[in-house]
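Presented below is the structure to which this report refers.
Numbering (this note's numbering), first residue to last: 241 to 330.
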């Protein structure tokens with residue numbers, strides 16, 4: 241689980257490959273210089289949603305969750321397309 245009290249100075253990174261997509265979180269602002277900590281996509285989404293919905297009423301929470309799900313699905317579709325384009329080029 242991501243530490244919600246340590247939001248400053250954390251970066252999220254994704255690497256795409258033809259056979260593997262890797263998501264990781266690092267302490268620091270540069271993915272190349274930070275200490276890798278692998279988290280599942282579910283862990284990252286949960287931590288992000290938890291931070292965004294704190295203090296919201298039920299209707300606002302539902303809107304934030306729906307927006308997050310739609311955005312996540314769109315990003316996964318984009319990553320999938322990029323992986324397939326890369327595979328077709330090589």
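Beta carbons: idealized from backbone N, C-alpha and C, even for Gly.
Quick caveat, the model's predicted, so the values are computed rather than measured.
Q: Measure the Cβ-Cβ separation of residue 296 and residue 304 and say whether it is below 8 Å.
A: Cβ atoms of residue 296 and residue 304: closer than 8 Å.
Q) Tell me which same chain residues have a C-beta within less than 8 Å of the C-beta of residue 308, skipping the five on either side of it? A) 285, 288, 289, 292
Q) What residue range is occupied by the uninterrupted alpha helix (DSSP H) comprising residue 330? A) No alpha helix (DSSP H) holds residue 330; DSSP gives it neither H nor E.
(Q) Taking the straight line between their C-alpha atoms, what separation do you get for residue 326 and residue 310? (A) Approximately 24 Å between the Cα atoms of the pair.
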